[in-house]
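In order, the protein sequence lines correspond to chains U and C. Each residue of the first sequence is one higher than the last, beginning at 364 in this note's numbering. Each residue of the second sequence is one higher than the last, beginning at 128 in this note's numbering. Heads up: the structure comes next, in C-alpha cells.
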Amino acid sequence: AQSVTQPDARVTVSEGASLQLRCKYSYSGTPYLFWYVQYQRQGLQLLLKYYSGDPVVQGVNGFEAEFSKSDSSFHLRKASVHWSDSAVYFCAASIYNNNRIFFGDGTQLVVKP
Amino acid sequence: NSKVIQTPRYLVKGQGQKAKMRCIPEKGHPVVFWYQQNKNNEFKFLINFQNQEVLQQIDMTEKRFSAECPSNSPCSLEIQSSEAGDSALYLCASSLGNSGNTLYFGEGSRLIVV
Numbered sequence: 364a365q366s367v368t369q370p371d372a373r374v375t376v377s378e379g380a381s382l383q384l385r386c387k388y389s390y391s392g393t394p395y396l397f398w399y400v401q402y403q404r405q406g407l408q409l410l411l412k413y414y415s416g417d418p419v420v421q422g423v424n425g426f427e428a429e430f431s432k433s434d435s436s437f438h439l440r441k442a443s444v445h446w447s448d449s450a451v452y453f454c455a456a457s458i459y460n461n462n463r464i465f466f467g468d469g470t471q472l473v474v475k476p
Numbered sequence: 128n129s130k131v132i133q134t135p136r137y138l139v140k141g142q143g144q145k146a147k148m149r150c151i152p153e154k155g156h157p158v159v160f161w162y163q164q165n166k167n168n169e170f171k172f173l174i175n176f177q178n179q180e181v182l183q184q185i186d187m188t189e190k191r192f193s194a195e196c197p198s199n200s201p202c203s204l205e206i207q208s209s210e211a212g213d214s215a216l217y218l219c220a221s222s223l224g225n226s227g228n229t230l231y232f233g234e235g236s237r238l239i240v241v
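Printed below as a string of C-alpha cells:
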C-alpha cells in the first residue's frame with residue numbers, strides 16, 4: 364500500500380541549530396515527493412518538491428531535502444532554524460498517473476529561543 | 128497569500144444541521160481537491176474534480192457528504208447532516224492536474240459541530 368511516514372510527531376530544537384525532519388515513503392517506483400508547512404492550522408504552503416534528477420532539492424527559506432531511493436526517504440533539512448520556523452511540517456507523495464497526494468501525519472517543530 | 132479562496136473560515140453547526148463550504152480554485156487550475164484534517168493533523172482525502180467531473184472520492188463522501196464544482200461558480204462541499212466527528216479543518220486545494228503537480232491550498236474552513 365502507498366504510504367508516507369513521518370516517525371517524529373514533535374521535534375524541539377534551539378534557535379540557530381540545525382534541523383532534520385524525517386520522512387519515509389512506501390511506493391512502487393519513484394513517487395513525486397513534497398514538503399509542505401502549516402502555520403497555526405492554516406492552509407499548507409509548499410516548501411519544495413522532487414521529481415527526478417539531483418537528489419538534493421532546494422526550497423524556500425533555506426530548506427532543502429534529500430531523496431534516497433535506497434532508503435525510501437526524503438528528509439527535510441535546514442542549517443540554522445529561526446523561531447518563525449515553528450510550525451507543522453508535512454511530507455507528501457503522489458505517483459504517476461494519479462492526481463491524489465498522500466500525506467504523512469506531520470511533525471510539529473518547536474524552536475526554542 | 129493563498130490564491131485558493133475558501134469560505135467561510137469558520138462555521139459552527141448543531142448535530143444534524145447542514146454545513147456548506149465553498150472554494151474558488153486558483154485561476155487556470157482544472158483540478159480541485161477536498162481534504163479533511165482532524166485535530167491530530169491527519170489528512171483524509173475526500174474527493175477531487177477535474178473541471179466539473181468527479182475523478183476520485185472515498186466512500187464517506189458518497190453518504191452524507193456531497194460536493195460539486197459547477198462551471199463559473201465556486202466549488203462546494205456540503206455535509207447533509209453534521210455529526211460531532213465531522214468537526215475538522217476542511218482544506219481545498221487546486222492544481223494543474225498533471226501527475227506530480229503541486230497542490231495549492233486555501234486557508235481552510237474550520238467546522239465545529241456542537
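A virtual CB, placed ideally from N, CA and C, is assigned to each residue, including glycine.
List, from N- to C-terminal side, the beta strand (DSSP E) runs of 3 residues or more that fit wholly inside the stretch 390-414 of chain U.
395-401 and 407-413
Shorter than 7 Å, the distance from the beta carbon of residue 366 (chain U) to the closest heavy atom of the ligand GTP, or not?
As presented, the structure is devoid of all ligands, the ligand GTP included, so that no description of it is given.
Contact check, residue 376 (chain U) vs residue 454 (chain U) under 8 Å by CB: the rounded distance?
One-based indexing of the first sequence puts residue 376 (chain U) at position 13. One-based indexing of the first sequence puts residue 454 (chain U) at position 91. Rounded, the Cβ-Cβ distance is 18 Å, inconsistent with contact.
Identify which residue in C:142, C:157 and C:135 has its Cα closest to the Cα of residue 210 (chain C).
In the second sequence, counting from the first residue as 1, residue 210 (chain C) sits at position 83. If you compare the alpha carbons of C:142, C:157 and C:135 with that of residue 210 (chain C), the shortest gap goes to C:142.
Please report the distance separating the alpha-carbon of residue 433 (chain U) from that of residue 473 (chain U).
Along the first sequence, one-based indexing puts residue 433 (chain U) at 70. Along the first sequence, one-based indexing puts residue 473 (chain U) at 110. Going from the Cα of residue 433 (chain U) to the Cα of residue 473 (chain U) covers about 30 Å.
Just grab the DSSP bridge partners of residue 149 (chain C) for me.
Residue mapping note: residue 149 (chain C) aligns to position 22 of the second sequence, counting from 1. Bridge partners of residue 149 (chain C): C:134 and C:203.
With distances taken Cα to Cα, identify the nearest neighbour of residue 199 (chain C) among C:153, C:234 and C:241.
As a position in the second sequence, residue 199 (chain C) is number 72, starting the count at 1. Among C:153, C:234 and C:241, the Cα nearest to that of residue 199 (chain C) belongs to C:153.
Listed in chain order, which residues of the stretch 404-419 of chain U have Cβ atoms closer than 7 Å to some Cβ of chain C?
Under the 7 Å Cβ criterion, the stretch 404-419 of chain U contributes 404, 405, 406, 407, 409, 412 and 414.
Between which residues of its own chain and residue 401 (chain U) is the CB-CB distance below 7 Å, once the five residues before and five after are set aside?
As a position in the first sequence, residue 401 (chain U) is number 38, starting the count at 1. If we look at residue 401 (chain U) and ignore the five residues flanking it on each side, its Cβ neighbours are 407, 450, 451 and 453.
Decide if residue 185 (chain C) is buried, meaning its Cβ has at least 16 other Cβ atoms within 10 Å, or exposed.
Locating residue 185 (chain C) in the second sequence gives position 58, counting from the first residue. Flag for residue 185 (chain C) reads exposed.
Which partner residues does residue 429 (chain U) have in the DSSP bridge list?
Translated into the one-based positions of the first sequence, residue 429 (chain U) becomes position 66. U:419 and U:438, per the DSSP bridge assignment.
Chain U partners of residue 192 (chain C), CB-CB under 8 Å?
For the purposes of this step, residue 192 (chain C) is identified with residue 65 of the second sequence, where counting begins at 1. Chain-ordered listing is empty here: chain U has no CB closer than 8 Å to the CB of residue 192 (chain C), the nearest sitting near 17 Å.
Below 8 Å on C-beta distance, what does residue 153 (chain C) contact in chain U?
Position 26 of the second sequence, counted from the first residue, corresponds to residue 153 (chain C). Result: empty, since nearest Cβ-Cβ is about 12 Å, beyond 8 Å.
For residue 400 (chain U), decide whether its Cβ has a neighbour in chain C, counting only Cβ atoms nearer than 8 Å.
Here residue 400 (chain U) refers to the residue found at position 37 when the first sequence is read from its first residue. No, residue 400 (chain U) lies away from the interface with chain C (no Cβ there is under 8 Å from its Cβ).
Per DSSP, residue 164 (chain C) forms a beta bridge with which residues?
In the second sequence, counting from the first residue as 1, residue 164 (chain C) sits at position 37. Answer is C:170 and C:216, bridged to residue 164 (chain C).
Can you tell me the Cα-Cα spacing of residue 164 (chain C) and residue 220 (chain C), whole angstroms?
Translated into the one-based positions of the second sequence, residue 164 (chain C) becomes position 37. Translated into the one-based positions of the second sequence, residue 220 (chain C) becomes position 93. Straight-line Cα distance between these residues: approximately 13 Å.
Using the rule of at least 16 other Cβ atoms within 10 Å of the residue's Cβ for burial, across every protein chain shown, is residue 414 (chain U) buried or exposed?
For the purposes of this step, residue 414 (chain U) is taken as the residue at position 51 of the first sequence. Residue 414 (chain U) comes out exposed.
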